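Structure record follows, encoded as structure tokens.
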Ligand code: SME
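Now the structure itself:
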């Protein structure tokens with residue numbers, strides 16, 4: 013990972029560490045993530061609730077997808093497989109649930125606590141094939157930092 017991305021991981025980890033509510037943790041993380049790149053056009057969290065993903069804090073256009081089944085969308089694919097999904101061309105992926113017609117590519121990174129998926133980070137870009145392996149690596153580290161903080165809050 014390059015130093016700019018490694019610095020963002022450190023910055024988010026440090027920024028969420030003193031926060032004491034789940035909402036604050038997700039909100040702060042989404043703000044820092046969104047400001048990282050002009051190519052991140054919709055940045056948000058979905059949180060697992062039973063077998064559905066509920067929209068959490070986000071920055072970007074209002075989305076009709078406030079609740080997504082584990083078996084729908086790219087979001088559902090990442091949550092059910094517990095693996096990061098990168099789609100270079102959302103117009104060619106039948107799973108894609110559109111939030112904005114200008115979206116061209118998407119990355120969804122699950123928030124994993126061992127085998128349990130607590131939610132996910134979802135980022136859309138208006139540029140095709142915007143998300144790199146470096147983004148994946150960075151976002152997986154950030155997901156880990158968010159999960160660690162959420163677990164700390166759960167146990168206090
Ligand atoms: N594109 C997602 C739905 C969420 S919106 O992008 C905010 C999907 O296909 O699951």
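Residue numbers (our numbering): 13 to 168.
For every residue, glycine included, the Cβ atom is placed at its ideal position computed from N, Cα and C.
Being a predicted model, the structure only gives us computed values, none of them experimental.
| Item | Value |
| --- | --- |
| Tell me, please, which residues DSSP counts as bridged to residue 55. | 71, 135 |
| Where does residue 34 land, buried or exposed, given buried means 16+ other C-beta within 10 angstroms? | buried |
| Of the residues 77, 52, 65, which one's Cα is nearest the Cα of residue 143? | 52 |
| Is the segment 137-155 touching the segment 94-109 in the sense that three or more CB pairs, one from each, lie closer than 8 Å? | yes |
| May I ask you to check if the CB of residue 116 is nearer than 7 Å to at least one heavy atom of the ligand SME? | no |
| Tell me residue 60's beta-bridge partners as DSSP assigns them. | 65 |
| Buried or exposed: where does residue 65 fall if 16 or more other Cβ atoms within 10 Å of its Cβ makes it buried? | buried |
| Should the segment 112-128 be called in touch with the segment 16-29, which here means at least 3 C-beta pairs below 8 Å? | no |
| Would you kindly report the start and end of the unbroken alpha helix (DSSP H) that includes residue 92? | 85-93 |
| Spatial neighbours of residue 152 within its chain, please: CB distance less than 8 Å, with the 5 preceding and 5 following residues excluded, ordered by chain position. | 96, 121 |
| Please determine whether the Cβ atom of residue 86 lies at a distance below 7 Å from any heavy atom of the ligand SME. | yes |
| Find the nearest neighbour of residue 3 within the set 140, 134, 104, 91, judged by alpha-carbon distance. | This structure leaves residue 3 out entirely; the chain is present only between 13 and 168. |
| What are the start and end residues of the beta strand (DSSP E) that includes residue 79? | 79-81 |
| To the nearest angstrom, how far is it from the Cα of residue 157 to the Cα of residue 163? | 10 Å |
| Would you kindly work out how many angstroms separate the C-alpha atoms of residue 124 and residue 130, rounded to a whole number? | 6 Å |
| Tell me whether residue 56, by its Cβ, gets closer than 7 Å to a heavy atom of the ligand SME. | yes |
| Verify whether the separation of the beta carbon atoms of residue 54 and residue 68 is less than 8 Å. | no |
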